[in-house]
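In numbering that gives the first Met the number 0, the protein residues as written are 0 to 184.
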Amino acid sequence: MRKILLFTTFSTFLLIGITSIKAQKGASEDKIKKILYFNPEVEPDIEEIKEPTNHAFFSAVSDNLSGYSKNKMLRTEVQIPFDSVDTQTIADYCVNNDADFAIVPKVKYFKVGIGKYVFSNQVIVSMKLFDASGNFITESDYDTYRKNMRLLGSAENSIKIGTNGAIKAILKKLRKIKHSAETGF
0 MRKILLFTTF
10 STFLLIGITS
20 IKAQKGASED
30 KIKKILYFNP
40 EVEPDIEEIK
50 EPTNHAFFSA
60 VSDNLSGYSK
70 NKMLRTEVQI
80 PFDSVDTQTI
90 ADYCVNNDAD
100 FAIVPKVKYF
110 KVGIGKYVFS
120 NQVIVSMKLF
130 DASGNFITES
140 DYDTYRKNMR
150 LLGSAENSIK
160 IGTNGAIKAI
170 LKKLRKIKHS
180 AETGF
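Written as structure tokens, this is what we have:
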């Protein structure tokens, strides 16, 4: 009798352990989403401001995505025109980099003053989100002047604020799209 009780107790604990391990595996199998970011199109097209803009943009993206453990940022040094996106190019880059999504960004500086090269520190950061097949999903933009009424501060900080705002807007739109797909409306 004692052997049967010991065997039953051992079997029960073993079964509970296996079940809990399977439950943990099921919960942790959420696939890590790989998001491919292209270099932002910078407007106006002046070579001197492209590198600092790229640095500030990708710094903001990596800071923003570090909070989300389910997402991984992939960066490509290619710039795709924001207004005329070739979906086949997007699909090819996603396949070659094993990415789930692609984002095509644009950073537009405000021009103020009379001179040709006088800029303000205000920017509009726009992003278009595509899936791995090159299908357009959603688009967002963030105007640092209209949203924050920032008059002072560096252009780098404005780019970071605009990038964070645009990413939050895309995530908000994705939740809305997902919710409407689940409810059927």
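Ideal placement from N, C-alpha and C gives every residue a C-beta, glycine not left out.
Using only the alpha-carbon positions, how far apart do Ile158 and Ile17 sit?
Rounded to whole angstroms, Ile158 to Ile17 spans 49 Å at the Cα level.
Helix, strand or coil: how does DSSP classify Asp130 here?
strand
Beta-carbon proximity list for Glu155, same chain, < 6 Å, skipping 5 on both sides
So the list reads Ala55, once near-sequence residues are dropped.
Cβ pair count under 8 Å reaching 3, the segment 123 to 139 against the segment 168 to 175
yes
Please give me, in chain order, every unbroken run of the beta strand (DSSP E) with length at least 3 that falls completely inside the segment 66 to 112.
Segments of the beta strand (DSSP E) lying fully in the segment 66 to 112: 70 to 78, 100 to 110.
Measure the C-alpha to C-alpha separation of Ile48 and Glu76 and round it to an integer number of angstroms.
16 Å
Which residues in the same chain as Pro104 place their Cβ atom closer than 6 Å to its Cβ, once the five residues preceding and following it in sequence are excluded?
Shown here for Pro104: same chain residues with a beta carbon closer than 6 Å to its own, the five before and five after excluded, namely Pro39, Met126 in chain order.
Whole angstroms is fine: what's the gap from Ile83's alpha carbon to Lys69's?
One point to set straight first is that residue 83 is Ser, not Ile, in the sequence displayed. In a straight line, the C-alpha of Ser83 is about 30 Å away from that of Lys69.
Would you report the Cα separation of Ala101 and Val124, rounded to the nearest angstrom?
16 Å
Hey, Phe109 and Tyr144: beta-carbon distance below 8 Å or not?
yes
Taking the C-alpha atoms as reference points, what is the distance between Gln121 and Ile15?
59 Å
Cα-Cα, which of Thr162, Ser132, Ile169 is closest to Lys107?
Thr162 is the residue among Thr162, Ser132, Ile169 whose C-alpha sits nearest the C-alpha of Lys107.
Look at the alpha carbon of Ser58 and the alpha carbon of Met72, and state the distance between them as a whole number of angstroms.
11 Å
Answer with buried or exposed for Ile3, where buried requires no fewer than 16 other C-beta atoms within 10 angstroms of its C-beta.
Of the residues assessed, Ile3 falls on the exposed side of the cut-off, its CB having fewer than 16 other CB atoms within 10 angstroms.
Please report the distance separating the alpha-carbon of Gly25 from that of Glu42.
Note on Gly25: pLDDT 46, under 50, position unreliable in the model; the coordinate value appears next. Roughly 46 Å separates the two Cα atoms.
If you run the structure through DSSP and keep just helix, strand and coil, what is Asp142?
If DSSP states are grouped into helix, strand and coil, Asp142 belongs with the strands.
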